[in-house]
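Going by the numbering used here, the sequence shown opens with residue 660, and the numbers climb by one from there.
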Amino acid sequence: MFSLHEPTSSRTKKNKPNLPPGVFGIRALPYVSKLAKDPIGFFQLMQSKFGNSARFGLRSIVFHLITQPEDIKRVLQENNQNYHKGVFYKELGRILGKGLLNSEGEFWKKQRKLIQPSFHKQRISEFVEIMAQETEKTSENWKKISSLDISKEMMRLTFAIVGRTLFRTEVESYAARIEHSLKIALELVTKRITRIFPFPFSWPTPENLKLKRALKDMHSVVDELIAERKKNPSNDLISMLLEVRDEETGETMSESQVRDEAITLLLAGHETTANALSWGFYLLSKHPEICEKVREEANRVLGDKTPTLEDVQKLTYTRKVLDEVLRLYPPAWVIERTAMGPDQVGGYDVETGTNISICIFNIHRNPNFWENPDKFDPDRFDEERSADRPKYAYLPFGGGPRICIGNIFALTEATLILAMLVKNYKFQTDSNHPVVMEPLVTLRPKYGILLNIVST
């Protein structure tokens, strides 16, 4: 289960690696047991006990936790070729297969090159109309109700948008199926990641069987959408992926690979954006003075016309609000990388096979980089206040060559949705409903977020 290396203080003999302090063996058990129950708290505990660099052992794997921007830059940018996706991404691969998020090396470069054109500015400009249409539908539906679970509403809305932009089709009939199967899959994969002794996936345990059923249902939904696109090609991403050919071999992408890329983009363009928006409306409901500033800007910039990409780019205060939401509640709250060869990070040796852990949630709340880090303060993203902040102290979309391919799409979508819905509604939290973070693969509100709404 655990390596039996001694802490750094006992490894000072000549030719021994210069390793950061940490816990291994039996001493690690009280710490690692916290990982499954409270992973964010676990990373906070490790940093408070061992400082900016710490290490621990899980399943015979050495984990090296880093927290300093210069160290993160080393791993994600300067020497990124030496660091592949961490061991836990293998479990995530049960959902994503060999999609862009999970692939490596030359295969990743080829896939990224094929997909990148779908996220160019011209395409995003075309997508803004779809984003606005679907948001307007949601706004109209809200006129009939006085309270709602904002997390469910944002899941439905972002799924509708990603369905129309990626598949050029209405996907409302698929939304409930894929949301249910995706939620189950994320929960069970997270359990497998954090357990000390996960059962082999081939074993017919109740959880494994449940996970396989969820994956099968998810695959069937995407396969239906792909089959529809094969019959009726359109100017969308799936049609493009079905038709694109490798420049060297002339081969088309296999249907299973198209499905893996589609599921990856559904997760990245649906799950993460929905979570960010849910936390955004929650924070605005707790800070009506900030919500009012967003409303004023939305009325001034958007008015009653159909928004364009140029209009979204003028929503500068709303964008700062979104940046602050992503700081406090980053949907992708942790990054893992595995060292493919030896390196030095933060003055310590990194041995081949070491898993590098970067807890974005904690870095975004580090008082060394953020004044009053737990305060919701969009103005901290003013140019003058951001000038001296290290680049890698803020990484809601990761960093380096593998920064999220859809970051501009997501920021455009979330900024527009926030502005349009705040323009039409006021929000108030339901004081009887608990709001609890659930750090699965993404940072979800565990019990949803109930809000009372009133038309403006």
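From the three backbone atoms N, C-alpha and C, an ideal C-beta is built for every residue, glycine too. Being a predicted model, the structure only gives us computed values, none of them experimental.
Segment contact flag, the region 937-951 with the region 1081-1089, C-beta cutoff 8 Å, min 3 pairs: Enough Cβ pairs lie closer than 8 Å, so yes.
Any 3 or more C-beta pairs closer than 8 Å across the region 993-1000 and the region 812-832: Judged by Cβ distances under 8 Å, the region 993-1000 makes no contact with the region 812-832, as fewer than three pairs qualify.
Of the listed residues H1023, V691, A1046, F1086, nearest to G1057 (C-alpha basis): The shortest Cα separation from G1057 among H1023, V691, A1046, F1086 belongs to H1023.
Reduced DSSP secondary structure (H/G/I, E/B, other) of N761: Residue state, collapsed to three classes: coil.
Euclidean distance between Cα positions of E1072 and P676: Rounded to whole angstroms, E1072 and P676 show a C-alpha spacing of 47 Å.
CA-to-CA distance, S1114 to R714, given in whole angstroms: R714 and S1114 have their C-alpha atoms roughly 51 Å apart.
D1008 - DSSP class collapsed to helix/strand/coil: Correct three-state label for D1008: strand.
Run of the beta strand (DSSP E) containing P947, from where it starts to where it stops: DSSP places P947 outside any beta strand (DSSP E); the residue lies instead in the alpha helix (DSSP H), whose first and last residues are 947-961.
Alpha carbon of Q972 to alpha carbon of T1011, nearest angstrom: Linking Q972 to T1011 through their CA atoms gives a straight-line distance of about 44 Å.
C-alpha gap between S879 and A844, whole angstroms: If I take the Cα positions, the gap works out to 14 Å.
Alpha-carbon to alpha-carbon, S915 and M899: Between M899 and S915, the alpha-carbon positions lie close to 15 Å from each other.
Residue environment, W862, which counts as buried when at least 16 other CB atoms sit within 10 Å: Burial call: exposed.
Where H723 falls, given that 16 or more other Cβ within 10 Å makes a residue buried: Buried, since its Cβ has 16 or more Cβ neighbours within 10 Å.
Where S1016 falls: helix, strand or coil (DSSP): In this structure, S1016 counts as strand in the three-state DSSP scheme.
Close-in-space but distant-in-sequence residues of the same chain around A791 (CB under 8 Å, 5 per side omitted): Same-chain partners within the cutoff: T965, P966, L1075, M1079.
DSSP three-state assignment for V903, whether helix, strand or coil: When DSSP states are grouped into helix, strand and coil, V903 belongs to the coil group.
Where F858 falls: helix, strand or coil (DSSP): Note: F858 maps to coil in three-state DSSP.
Residues that D1002 bridges to, as DSSP identifies them: DSSP output for D1002 lists V1009 as bridge partner(s).
Outcome for F826 when other beta-carbon atoms lying within 10 angstroms are tallied against a minimum of 16: Counting Cβ neighbours within 10 Å, F826 comes out buried, since at least 16 surround it.
Cβ-based burial, K1153 [other Cβ within 10 Å; buried from 16]: Outside the displayed span of the chain (660 to 1115) sits residue 1153, for which this structure offers no information.
Three CB pairs or more closer than 8 Å across the region 974-990 and the region 694-710: As far as the Cβ criterion goes, the region 974-990 does not touch the region 694-710, which means the pair count is below three.
Opening and closing residue of the beta strand (DSSP E) in which Q736 lies: Where Q736 is concerned, there is no enclosing beta strand (DSSP E), because DSSP gives it neither an H nor an E.
Distance between I897 and R888 (C-alpha atoms, nearest Å): Straight-line Cα distance between these residues: approximately 7 Å.
Three-pair Cβ contact test at 8 Å for the region 1048-1056 versus the region 950-965: Using a Cβ-Cβ distance cut-off of 8 Å, the region 1048-1056 and the region 950-965 are not in contact, since fewer than three pairs of beta carbons, one from each stretch, lie closer than that value.
Residue range of the unbroken alpha helix (DSSP H) whose run includes L1099: Note, L1099: premise wrong, no alpha helix (DSSP H); not H, not E.
C-beta contact flag for L816 and I1112 at 8 Å: The answer is no: Cβ separation not under 8 Å.
Nearest-angstrom Cα separation, counted from N1027 out to A998: Straight-line Cα distance between these residues: approximately 27 Å.
Residue burial classification, E910 (beta-carbon count within 10 angstroms, cutoff 16): Per the 10 Å Cβ criterion, exposed.
Three-state secondary structure (DSSP) of H878: Three-state result, H878: helix.
Beta-carbon contacts of S805 that lie in its chain and below 8 Å, excluding the five residues immediately before and after: So the list reads N1111, I1112, V1113, once near-sequence residues are dropped.
Length-filtered (3 minimum) beta strand (DSSP E) runs lying within the region 1064-1110: Within the region 1064-1110, the complete beta strand (DSSP E) runs of at least 3 residues are 1084-1088, 1096-1098, 1102-1104.
Identified DSSP bridge partners for D808: D808 pairs with L1109.
Length of the line joining the Cα atoms of L1109 and E799: Answer to the nearest angstrom: the Cα atoms are 19 Å apart.
Alpha helix (DSSP H) segment containing F702, residue limits: In the DSSP assignment, F702 falls within the alpha helix (DSSP H) that extends over 698-709.
Spatial neighbours of T849 in its chain, beta-carbon cut-off 7 Å, leaving aside the 5 residues before and after: Cβ neighbours of T849 beyond the five flanking positions: L1099, V1100.
Extent of the continuous beta strand (DSSP E) run through Y742: Element bounds for Y742: 742-744.
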